[in-house]
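See below for the structure under consideration.
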């Protein structure tokens, strides 16, 4: 399957796979789903939330994962990726459930820890991908179209705050960011007068690209490989499955070598384990 983010997003792909399986079995429902135009109308009707983002990012400094020295950069910049196991999802799921947290929150803090190690800053910022399907519209989860958005996630990881406090603080901040998610990141960057990009990494937490449990009868689809162009130097896509959690680290060859990308994935895994151990 091939598509562009301007037309389709990951949730749409999952929905298309599900419907394709139903079509193979002759079980495709005849009813029509919610039109994409209905979501557009809803998004346009919302009040402007630019003030929230201007306040949220006030004073933020560029948070850039360092590139390779110029003499080590290849002549042609190539987009590569590596996959790193983050372990079984059960421990972080249980921990989050006991503490009223989400696994996305935990992963954001862990990615922030990785950025702090490489940037030397306690005030880190990166992009987070949201589905945009929290809108109170019947059938919004079944819309096929590009609804996702990238939001800025800013974390203060100073030593005078415990990991538990950071998680609790970010859980509240996540809710605030989602409540103000229908805003153009490009326009926000223009308004804060940021010279260049504010961040060069992005984190996305997704479901596996499969339509069902392979043990169940029926037609099944399994993702073999995913390739996505990106404007960011590094994108970490975490897939949370039933038995394994993996991180696909997509990176430009001017930023990381393959060995360094694998090391970043392992640092991410270590940060997750450290958080779990500290607040267990």
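Numbering (UniProt numbering), first residue to last: 1 to 280. Even for Gly, the Cβ is constructed at its ideal location relative to N, Cα and C. Note that the structure is a prediction, hence the values are computed from the model and not measured.
Query: Nearest-angstrom beta carbon gap, residue 63 and residue 151 [assumed within contact, 8 angstroms]; Result: With a Cβ gap of about 14 angstroms, residue 151 and residue 63 do not count as contacting.
Query: Nearest-angstrom Cα separation, counted from residue 111 out to residue 260; Result: 16 angstroms
Query: Contained beta strand (DSSP E) runs [length at least 3] in the stretch 229 to 270, N- to C-terminal order; Result: 234 to 240 and 245 to 252
Query: Whole-number beta carbon distance between residue 202 and residue 126, since they are thought to touch under 8 angstroms; Result: 6 angstroms
Query: Sheet register partners of residue 126 (DSSP bridge); Result: 153
Query: Secondary structure of residue 55, DSSP reduced to three states; Result: helix
Query: Residue span of the alpha helix (DSSP H) that contains residue 219, given as start and end; Result: Note, residue 219: premise wrong, no alpha helix (DSSP H); not H, not E.
Query: Straight-line gap, residue 86 to residue 54 (C-alpha atoms, nearest Å); Result: 34 angstroms
Query: Per-residue burial, residue 119 [other beta carbons within 10 Å of its own, 16 or more giving buried]; Result: buried
Query: Neighbourhood of residue 123 by C-beta, 6 angstroms cutoff - its chain only, sequence neighbours within 5 removed; Result: 156
Query: Given 8 angstroms, three or more beta-carbon pairs between the stretch 75 to 92 and the stretch 244 to 255; Result: yes
Query: For residue 184, the residue or residues it bridges with in DSSP; Result: In the DSSP output, where bridge partners are listed per residue, residue 184 has none listed.
Query: Rounded distance between the beta-carbons of residue 108 and residue 176, thought under 8 angstroms; Result: Not confirmed; about 14 angstroms, so no contact.
Query: Distance between beta carbons of residue 140 and residue 34, contact taken as under 8 angstroms; Result: 6 angstroms
Query: Local conformation of residue 79 per DSSP, three classes; Result: strand
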